[in-house]
Amino acid sequence: MKTTLKTDITVNDICEGFVYNELEGKGLFGLSGKLTIQPEYQRNYIYAEEGKEAAVITSILKGYPLGLIYFHKPSKDKFEVLDGQQRITSIGRFVTDKFAIVDENGLQQNFSGMAKDKKAKIWETKLLIYECEGEESEIKDWFKTINIAGIPLRNQELLNAVYSGPFVTLAREEFSNRQNANIQKWGAYIAGSVNRQDFLERALEWVSRGNVEGYMTSRRKEKNITELKKYFNSVIDWVSGVFTDVESEMRGLEWGRLYEEYHKKSYNPAKVSAEVHKLYGDPYIKNRRGIFEYILGGSVDTKLLEVRVFDDATKKSVYATQTAKAEKKGESNCPLCAIGRDVNKTKMWKLTEMDADHVTAWSKGGATSAKNCQMLCKTHNRAKGNR
Ligand SMILES: [Zn+2]
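All residue numbers for the sequence shown refer to the numbering used here, where the first residue is -11 and numbers rise by one.
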């Protein structure tokens, strides 16, 4: 790889012909059209949502260095931003009045309203730019390394860079595009940021059953994302069809896995909805996020709900009462041992040899209170299991 350090390129040069695409949320070109600011392997513009774009301008005005910028030079008079896309886009957006900064008097200040000398300072600021020439693989490998600085790349952002091509470009238009009207609906089930590729990552993870990298490798040159979209929509349609209420705890659940496991079973949405409401109102459920899988699985696996257990004070007091009664009767303090026929019929268990049990099971409406608590020997408690 050949590199050349340039020290005489100014903000004015870079911003010549700057185009910011509002729809796609990215800076496109600069340097009189010779510079591609966001080549297809680059990530989305995130400085605005990270609150960092004003800092870039303030740094210039204070004369602070902006750091190194790297250009890739694929051919003569053609450049792509390898590192520095966020900074360049921030500058370009500022000089085209896309955002304002807060000045030393605490006032909002946009570029066109600035004093002449301040404008000149920005225009004349020189950037430190390395121009790099080399093979695509070499450049991308290096891109991975230099991007450790600043806001680190997320895994999916890195995969987008490494497997860039028509497939990723189309997939990003669909799943990494905040202008997509479906994003709001999807956001009920998917956690994270559209710009940081969390939605695209989920879509790929679902369709590939977890093998995102393999999927991206095999489809890299494909010019359609039909399968990806279809599968993604099937999952979303299925979830929103089974669960007609949107609860905040649904966001970020493993819907892809749940879809694979349960989409062939039939559910009655009205019944499901009634059950969701009932479980949401149950004070003994500690893990509401488990409610959805619990229902999908036929409402049997109470472990998913982390139903509140009896506390030590309750156990001790129930143990004491139960043991005193048993001693009077001359039978075991485990009520199930006491009605049995073996040697344990009169056995007195220690507290540590017993477990607390719901007399009426939680799933049948039994409360987690002393009234509904009985101590059983460990063997009998295990035998009773999850009713
Ligand atoms: Zn027992």
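For glycine and all other residues, C-beta sits at the position ideal for the given N, C-alpha and C.
Same chain, Cβ closer than 6 Å to residue i, five either side skipped, listed in chain order
i	result
Arg208	Tyr151, Gly153 and Phe155
Arg375	Confidence is the limiting factor: at Arg375 the pLDDT is only 45, short of 50, which leaves the residue's position unreliable and the question unanswerable from this model.
Trp111	Val(-1) and Asn0
Tyr250	Leu284
Ile237	Checking the sequence shown, residue 237 turns out to be Glu, not Ile. Arg276 and Arg277.
Ser254	none
Ala42	Ile89
Val347	Asn360 and Gln362
Simplified DSSP state of residue i, which is helix, strand or coil
i	result
Tyr35	helix
Arg375	Caution applies to Arg375, whose pLDDT of 45 falls short of 50 and renders its modelled position unreliable; the model cannot decide the point.
Phe220	helix
Gln97	strand
Asp(-4)	strand
Met(-11)	coil
Gly269	coil
Tyr52	coil
Glu362	A small fix is needed here, since residue 362 is Gln in this sequence, not Glu. Residue state, collapsed to three classes: strand.
Thr309	helix
Thr24	strand
Cys3	helix
Asn397	Beyond the ends of the chain as shown, which are -11 and 375, falls residue 397; an answer cannot be given.
Ile327	coil
Lys316	helix
Gly18	strand
Val90	strand
Asp289	coil
Asn170	coil
Val260	helix
Val234	coil
Val297	coil
Asn212	coil
Asn9	strand
Asp85	coil
Ala179	coil
Arg239	coil
8 Å contact criterion, which residue i and residue j should meet: CB distance rounded
i	j	result
Val195	Glu215	6 Å
Tyr272	Val295	5 Å
Tyr35	Gln74	4 Å
Leu19	Glu4	6 Å
Lys61	Cys120	7 Å
Val264	Trp243	The pair is not a contact, with the Cβ atoms about 15 Å apart (cut-off 8 Å).
Thr77	Ile45	Actually they do not touch by this definition, with Cβ atoms about 12 Å apart.
Ala191	Phe220	4 Å
Val83	Phe99	5 Å
Thr(-5)	Lys114	6 Å
First and last residue of the uninterrupted beta strand (DSSP E) at residue i
i	result
Lys61	Leu56 to Ser63
Val69	Lys66 to Asp71
His346	Met342 to His346
Ile117	Lys114 to Glu121
Selection from the options that minimises the alpha carbon distance to residue i
i	options	result
Asp330	Glu319, Lys338, Glu38 and Leu339	Glu319
Asp186	Gly229, Gly240, Glu201 and Glu235	Gly240
Gly229	Lys259, Glu201 and Met204	Lys259
Ile(-3)	Phe99, Tyr58, Tyr250 and Arg31	Tyr58
Lys291	Ile279, Lys61, Val264 and Asp300	Ile279
Glu126	Arg197, Glu92, Lys(-10) and Gln26	Lys(-10)
Ala326	Lys218, His368 and Thr77	His368
Lys22	Leu116, Asp65, Phe99 and Lys366	Asp65
Cys79	Val90, Leu324, Tyr219 and Ile2	Note that residue 79 is Ile in the sequence shown here, rather than Cys. Nearest of Val90, Leu324, Tyr219 and Ile2 to Ile79, Cα basis: Ile2.
Gln362	Lys352, Ser351 and Leu339	Leu339
Thr157	Gly353, Gly354 and Pro27	Pro27
Asp345	Leu56, Asp300, Thr334 and Glu41	Asp300
N- and C-terminal bounds of the alpha helix (DSSP H) containing residue i
i	result
His368	Lys366 to Lys372
Gly202	Val200 to Arg207
Gly244	Trp243 to Tyr250
Tyr282	Ile279 to Leu284
Ala191	Asp186 to Val195
Leu158	Pro154 to Phe163
Any non-hydrogen atom of ligand 2 within 7 Å of residue i CB
i	result
Asn332	Inclusion of ligand 2 in the displayed structure is not the case, the ligand content consisting of ligand 1 alone.
Neighbourhood of residue i by C-beta, 7 Å cutoff - its chain only, sequence neighbours within 5 removed
i	result
Ala358	Thr302, Ser305 and Val306
Ser47	Leu54
Leu188	Gln144, Ala159, Arg160, Phe163 and Ser164
Leu147	Val200, Glu201 and Met204
Asn32	Gly13, Lys14, Ser164 and Asn183
Close beta carbons around residue i, own chain, < 8 Å, minus the five adjacent residues each side
i	result
Met336	Thr311, Ala314, Glu315, Ser320 and Asn321
Phe131	Tyr29, Leu70, Asp71 and Ala149
C-beta neighbour in chain C for residue i, strict 8 Å
i	result
Asn360	This model lacks chain C altogether; it includes just one protein chain.
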